[in-house]
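Engineer:
In this note's numbering, the protein residues as written are 208 to 292.
(1) From residue 233 to residue 263, what does the alpha carbon distance come to, in whole angstroms?
(2) Would you identify the three-state DSSP class for residue 252, choosing helix, strand or coil?
(3) Look at residue 292 and residue 249 and say whether their C-beta atoms are less than 8 Å apart.
(4) What three-state label does DSSP hand residue 245 in the structure shown?
(5) Whose C-alpha, out of 242, 269, 257, 261, is nearest the C-alpha of residue 284?
(6) Please classify residue 222 as buried or exposed, where buried requires at least 16 other C-beta atoms within 10 Å of its C-beta.
Structural data, given as structure tokens:
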């Protein structure tokens, strides 16, 4: 799915998106009876925060764990997907 289209759909749904981290977005998540949400690749998100803020892997991971994965900002809170390899 085109990134611009994904953002348009998420904007229409009032979903929370992580501005500046578009490269880490995997797509859109749909859940029964729940709002549409943005879905991000955890590893890509860590890399994006590292690059944007000149952070180490550990600093980026800790910030994401506390401020994104550990935060509830309503039903449209983004989902962070950790891939199984």
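Glycine included, each C-beta is placed from N, C-alpha and C at the ideal position.
Structural biologist: Looking at the coordinates:
(1) 23 Å
(2) helix
(3) no
(4) strand
(5) 242
(6) buried
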